[in-house]
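Engineer: My questions all concern the structure below.
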Amino acid sequence: MLYLTLVLAFIASIVLTPIVKRLAFKIGAVDRPNYRKVHARIMPRLGGLAIFGSFVIGYFILRPEESISNAVEPAFIPISTAVLLGALIITVTGVLDDMYEISAKAKLLGQLLGAAIVVIGGGLEISFINLPFGGELDFGYFSIPLTIIWIIGITNAINLIDGLDGLAAGVSTIALITLSIMAFIMGDPFVMSLAAILAASSIGFLFYNFHPAKIFMGDTGALFLGFMISVLALMGFKNITVVALIIPIIMLGVPISDTFFAIVRRVREKQSISAADKSHLHHCLLNIGFSHRQTVLIIYGIAALFGLAALLFSQATLWGGILLISVMLIAIELFVEIVGLAGKNYRPLINLVKLIGK
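The numbers in UniProt numbering rise by one with no breaks, and the one at position 262 of the sequence shown is 262.
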C-alpha cells in the first residue's frame, strides 16, 4: 500500500502544480526580480501549496496512524493530528507571505503557533539526553522552548537555502529520503511513511521547479518542508541520546551549515544576523564560476554526502562516530574557507596549514 501511495502522491504533485501556478498568477503570489534574486522575470511562488496538497492526499490514502501505535504520548491530541494541524498553520503562514509579504514578526508568530501545537499539544519534546559516557542531562523547564527553537530553526534554515531553482526542494528531498531510510532501520513505520510521502510529493514538484523553473515553492513550500523535516527528525529519533540527537543535525548539514556560517559572516562584518545578503552557499558557488544547474547539482551532492554520513554515524561505534564527526568538521571548515561562505578573508585553517608548512 505504501508504494501505491507514493506513486499517487507523486502524480498528485505533478497534477496540482500547474493548477497552483495559475492560481498564483491570479491572486498575485509572484516573485519579482531584484538585486538579491537570480531570476530575471516575474515567477509564481505558491508552489509549496502543491507539495502540501499532495502530501495530505498521500497521508489520507495511507492513514499510517491507524496501523501503528504512535511513539509519542499525546499531551492533548494525538501526535499525528498535531503534526497535520501544525503543518496547516505553517502552510497558511507561507501562503499569506507569498501573497502579501507579511512582516517577519507575523511569520515568526505563525511558526511559533505551528511548533507549539506539535510540542505542547502533541507532546513532542526533548526532555533529556543520555550522555555517551554515562549520566543524563535533564532539560527540565527548558525542554519545551528548546524543542520549539529546534523546529523554528530548521524551518528557517530550509527557507534560507531556497535561492536557486530546485535547490530547497532537492535538498529537502534528499534529507527526507535519508530520514525515511533511518526510520526504516529503527523500525518506525509512521515516520518512514510520512517522510517517504513528502519526498514523493517534492520529487513531483521538482519536475516544474528544477532549472529553468516554471514555478517557485515560495515560503509556502520552504516553511512547510522545513517544519515537517524538523518534526519528523525529532519523532524518528525519540530515543534521545547524544548520538541520536547528532544524526538529524548531520542529515541536515547543508541548511544548518549555511545558516550557521551566515551568522558568523554577519557577526564578522558587524551586520544584523537577520540581514539579507548574497553570500549564501549557492551565491558563493555561482561567484566561483559554476552555472546555475551545476551549483544546484553540487549542493545536491553535498546533501547526499551528509545523508550518507548520517547513516554511517548511526551504525558506528562511539569512537568511530567521534572520528567521523572530526573529519566532517575539518572538511566543512576547509570547504567554507575555500568558497568564502563565512567571508572572503575568513581562512583560519588554511592560514594555519600554510604556517605549519613553512
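From the three backbone atoms N, C-alpha and C, an ideal C-beta is built for every residue, glycine too.
Given a cut-off of 8 Å, decide if F52 and A200 are closer than it, judged by their beta-carbon atoms.
Structural biologist: For A200 and F52, no; Cβs fall outside 8 Å.
Engineer: Can you tell me where the beta strand (DSSP E) holding D98 begins and where it ends?
Structural biologist: Run containing D98: none in the beta strand (DSSP E); it sits in the alpha helix (DSSP H), 79–100.
Engineer: Is it the case that the region 198–212 contacts the region 260–275, given that we only count it when at least three CB pairs across the two stretches are under 8 Å?
Structural biologist: In short, these stretches do not touch, since the Cβ pair count stays below three.
Engineer: Name, in chain order, the residues that DSSP records as bridge partners for L137.
Structural biologist: DSSP lists I129 as partners of L137.
Engineer: Measure from the alpha carbon of N156 to the alpha carbon of each residue in Y346, K278, L223, T147, then state which is nearest.
Structural biologist: If we check each option's Cα against that of N156, L223 comes out closest.
Engineer: Check whether chain D comes within 8 Å of G170, counting only Cβ atoms and requiring the distance to be less than that.
Structural biologist: No chain D appears in this structure, which consists of one protein chain only.
Engineer: How about the region 101–108 and the region 225–232: do they share at least three Cβ pairs that are nearer than 8 Å?
Structural biologist: Not touching, per the Cβ criterion.
Engineer: Specify whether the region 81–94 and the region 3–17 touch according to this definition: at least 3 beta carbon pairs, one from each stretch, less than 8 Å apart.
Structural biologist: Contact fails: fewer than three Cβ-Cβ distances are below 8 Å.
Engineer: Output the boundary residues of the alpha helix (DSSP H) element that contains I256.
Structural biologist: Per DSSP, I256 belongs to the alpha helix (DSSP H) from 253–268.
Engineer: Can you tell me whether DSSP reads M1 as helix, strand or coil?
Structural biologist: Note: M1 maps to coil in three-state DSSP.
Engineer: Would you mind sorting G320 into buried or exposed? The rule is 16 or more other CB atoms within 10 Å of its CB.
Structural biologist: Exposed, since its Cβ has fewer than 16 Cβ neighbours within 10 Å.
Engineer: Relative to the C-alpha of I181, which candidate in L137, N159, A233, G204 has its C-alpha closest?
Structural biologist: Taking only the C-alpha atoms, the option nearest I181 is A233.
Engineer: With distances taken between CB atoms, is the gap from H292 to L164 smaller than 8 Å?
Structural biologist: The answer is yes: Cβ separation under 8 Å.
Engineer: Check D31 in the structure and name its three-state DSSP category.
Structural biologist: DSSP places D31 in strand when its eight states are reduced to three.
Engineer: Among residues of its own chain, excluding the 5 on either side of R268, which ones have a beta-carbon nearer than 6 Å to its beta-carbon?
Structural biologist: Contacts found: G343.
Engineer: Compare the Cα-Cα distances from I203 to each of A12, L2, I302 and report the closest residue.
Structural biologist: Comparing Cα positions, the closest option is A12.
Engineer: Within 10 Å of its beta-carbon, does L355 have 16 or more other beta-carbons around it, so buried, or fewer, so exposed?
Structural biologist: Result: exposed.
Engineer: Is the region 83–97 close to the region 14–23, with three or more CB pairs under 8 Å?
Structural biologist: Contact between the region 83–97 and the region 14–23 is absent, because fewer than three Cβ pairs lie under 8 Å.
Engineer: Tell me whether D138 is buried or exposed, calling it buried when 16 or more other Cβ atoms sit within 10 Å of its Cβ.
Structural biologist: Exposed, since its Cβ has fewer than 16 Cβ neighbours within 10 Å.
Engineer: So what's P44 in DSSP terms, helix, strand or just coil?
Structural biologist: P44: strand per DSSP, three-state reduction.
Engineer: What does a CB cutoff of less than 8 Å around L124 pick up in its chain, not counting 5 residues either side in sequence?
Structural biologist: Same-chain partners within the cutoff: V72, I79, A82, V118, T147, V231, L234, M235.
Engineer: How is the alpha helix (DSSP H) around N209 delimited, first residue to last?
Structural biologist: Counting along the chain, the alpha helix (DSSP H) containing N209 begins and ends at 189–209.
Engineer: Does DSSP put P64 in a helix, a strand or coil?
Structural biologist: Residue state, collapsed to three classes: helix.
Engineer: If you check the beta carbons only, do R45 and F216 fall under 8 Å apart?
Structural biologist: Yes, these two residues count as a Cβ contact at 8 Å.
Engineer: Return the chain-ordered list of same chain residues with a C-beta closer than 7 Å to the C-beta of M99, the five sequence neighbours on each side being excluded.
Structural biologist: Once the five neighbours on either side are set aside, the close Cβ partners of M99 are I27, G28, A29.
Engineer: Between which two residues does the alpha helix (DSSP H) harbouring N156 extend?
Structural biologist: Here the alpha helix (DSSP H) through N156 covers 143–160.
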